[in-house]
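Quick note on the numbering used here: the sequence shown kicks off at 49 and runs consecutively.
From the three backbone atoms N, C-alpha and C, an ideal C-beta is built for every residue, glycine too.
Everything numeric in this text was worked out from a predicted model, so none of it was measured.
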Amino acid sequence: MKPVVIIPALNPDEKLLLLIKELTLYGFPVLIVNDGSKRRCDTIFQLISREYGCTVCSHSVNQGKGAAIKTAIAYVMENFPKAPGIITADADGQHTATDIRKVADSMVHHQESLILGVRDFTKKGIPLRSRIGNQLTSFVFRSAMGIRCMDTQTGLRGIPMNYLPACLTVTGDRYEYETNLLLEFAGKDVPVWQVPIQTIYLEHNRSSHFHPVKDSMRIYLNLLKYGLSSVLASLVDVTLFSVFSLFIFASFSHSLLIATVLARLFSGAVNFTLNKHWVFRSMQKTGSQAIRYGMLFTAQMALNWVLVVLLVQWSVPLLAAKILVNMALFFISYSVQKNKIFKSKKEGYLLS
Numbered sequence: 049m050k051p052v053v054i055i056p057a058l059n060p061d062e063k064l065l066l067l068i069k070e071l072t073l074y075g076f077p078v079l080i081v082n083d084g085s086k087r088r089c090d091t092i093f094q095l096i097s098r099e100y101g102c103t104v105c106s107h108s109v110n111q112g113k114g115a116a117i118k119t120a121i122a123y124v125m126e127n128f129p130k131a132p133g134i135i136t137a138d139a140d141g142q143h144t145a146t147d148i149r150k151v152a153d154s155m156v157h158h159q160e161s162l163i164l165g166v167r168d169f170t171k172k173g174i175p176l177r178s179r180i181g182n183q184l185t186s187f188v189f190r191s192a193m194g195i196r197c198m199d200t201q202t203g204l205r206g207i208p209m210n211y212l213p214a215c216l217t218v219t220g221d222r223y224e225y226e227t228n229l230l231l232e233f234a235g236k237d238v239p240v241w242q243v244p245i246q247t248i249y250l251e252h253n254r255s256s257h258f259h260p261v262k263d264s265m266r267i268y269l270n271l272l273k274y275g276l277s278s279v280l281a282s283l284v285d286v287t288l289f290s291v292f293s294l295f296i297f298a299s300f301s302h303s304l305l306i307a308t309v310l311a312r313l314f315s316g317a318v319n320f321t322l323n324k325h326w327v328f329r330s331m332q333k334t335g336s337q338a339i340r341y342g343m344l345f346t347a348q349m350a351l352n353w354v355l356v357v358l359l360v361q362w363s364v365p366l367l368a369a370k371i372l373v374n375m376a377l378f379f380i381s382y383s384v385q386k387n388k389i390f391k392s393k394k395e396g397y398l399l400s
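Right, here's the structure in full:
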């Protein structure tokens, strides 16, 4: 059996009919979600159901792309239990039946992977908002997760059946759901396989319902969660370091060393707790993780102190030196924690 193609649709036009016609010729089961479209679109959904035999689920009001995908996933789990998975596609003409077949073929060869149909944003003719939006999101995603994703905004994705229950628990009802899903998969070390597809923008993407300012803000706020823990810990570190070095231990001969050690102890405890329970949501035993974190903590503390002392000797103001060192160590520490300390262990294919 082929994967079920699910297509959330809001006020679609004839391009959706052409896509469905090709998909049914290829033998794909197709599930459409009418996400609160205007009444003038009723004839399109009736044709989809009557002429092509596709299933149409409907929301009485617009609930968002994420909510529509979840509705479709729940339906597939109940009515297509033997399907190998799903392929999500857009209704605005950006995804061709040929590219959907490429994703389906990749699902056969990469059965444990999330398959992404990725566009080439370096080509001429790409709308400026799409080019900038994707480049910025890809950069932030790579910085936060350590994964180079060529097209974070792609709606063409192949998801194995065993991942679907976890997909229903991912937060977000609109476009932020797709990025949250990427973060969930990346956070659980699910392999991501990227398949080049055509880059299609019809009428400058007029039919797309992606709002770059409003929806990107939701996306970036979710991505910032992965850096917020370290920022909070850094604030604790800098604050306590200032108090210890400038006031409490100012008269001590090794005031910088004492202040660095004590500040790092407190900020390290804050960072470990937030990262384990909030950022990485790790369910592994605390003891083994605490040992690994302690090794990183000790090495980072020593390096932190050495670099601060060196910068102060080079006439850099004390607090400025501390902030610069913390910023330099931020990405190194995050990468080690994600990939070595809080690295998740998958149970089969399940994310949750």
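- Of the candidates N228, T219, Q111 and I248, the residue whose Cα lies closest to the Cα of D147 is I248.
- Taking 9 Å as the cut-off, the Cβ atoms of M209 and A120 do not count as close.
- If you draw a straight line from the Cα of A139 to the Cα of Q337, it comes to about 45 Å.
- DSSP places D83 inside the beta strand (DSSP E), whose first and last residues are V78 to D83.
- Secondary structure note for H158: it is in no beta strand (DSSP E), with a DSSP letter that is neither H nor E.
- DSSP, read as helix, strand or coil, puts H143 in coil.
- The beta-carbon separation of V243 and S154, rounded to 5 Å, stays under the 8 Å limit for a contact.
- Bridge pairing for V243: G165 [DSSP].
- Check the Cα spacing between S315 and each of M349, S330, L294 and H302: the tightest is with M349.
- Of the residues assessed, D90 falls on the exposed side of the cut-off, its CB having fewer than 16 other CB atoms within 10 angstroms.
- No Cβ-Cβ contact shorter than 9 Å links F328 with G206.
- Pairing S290 with L304 gives a Cβ-Cβ distance that is not under 9 Å.
- Less than 9 Å divides the Cβ of A369 from the Cβ of L355.
- Comparing alpha carbon positions, the residue from W241, T144, V279 and L184 closest to M375 is V279.
- R329 sits in coil when the DSSP states are folded into three classes, being neither helix nor strand.
- By the criterion of a C-beta distance shorter than 7 Å, S97 is surrounded in its chain by V104, once the five residues flanking it on both sides are discounted.
- An exposed status is given to N387, since fewer than 16 other beta-carbon atoms sit within 10 Å of its beta-carbon.
- DSSP places G206 in the uninterrupted beta strand (DSSP E) bounded by R205 to P208.
- For G133, no alpha helix (DSSP H) encloses it; the enclosing beta strand (DSSP E) starts and ends at G133 to T136.
- Exclusion of the five residues before and after Q385 leaves N323, F328, Y341 and L344 as the residues of its chain whose Cβ lies within less than 8 Å of its Cβ.
- Residue ranges of uninterrupted alpha helix (DSSP H) with 4 or more members, entirely inside the segment 51–111 and ordered along the chain, are 62–73 and 90–100.
- For the pair T185 and T200, the CB atoms are nearer than the 9 Å cut-off.
- Q142 has its alpha-carbon roughly 16 Å from the corresponding atom of M198.
- Sequence-distant partners of V309 (beyond 5 residues in either direction) whose C-beta falls short of 7 Å from its own C-beta, in its chain, are M349.
- Per the C-alpha coordinates, the member of P175, P60 and S106 positioned closest to R88 is P60.
- Within its own chain, the residues whose Cβ lies closer than 7 Å to the Cβ of N228, once the five positions on either side in sequence are excluded, are V218, T219, G220 and N270, listed in chain order.
- C-alpha of L65 to C-alpha of Y100: approximately 9 Å in a straight line.
- Distance from the CA of L212 to the CA of Q183, rounded to the nearest whole angstrom, comes to 28 Å.
- Looking at the backbone, the Cα of F300 and that of A115 are separated by about 60 Å.
- Of the residues assessed, T334 falls on the exposed side of the cut-off, its CB having fewer than 16 other CB atoms within 10 angstroms.
- Separation of the CB atoms of K391 and Y225 is rounded to 25 Å, and the pair is thereby denied contact status at 8 Å.
- The alpha-carbon separation between K150 and A57 amounts to approximately 22 Å.
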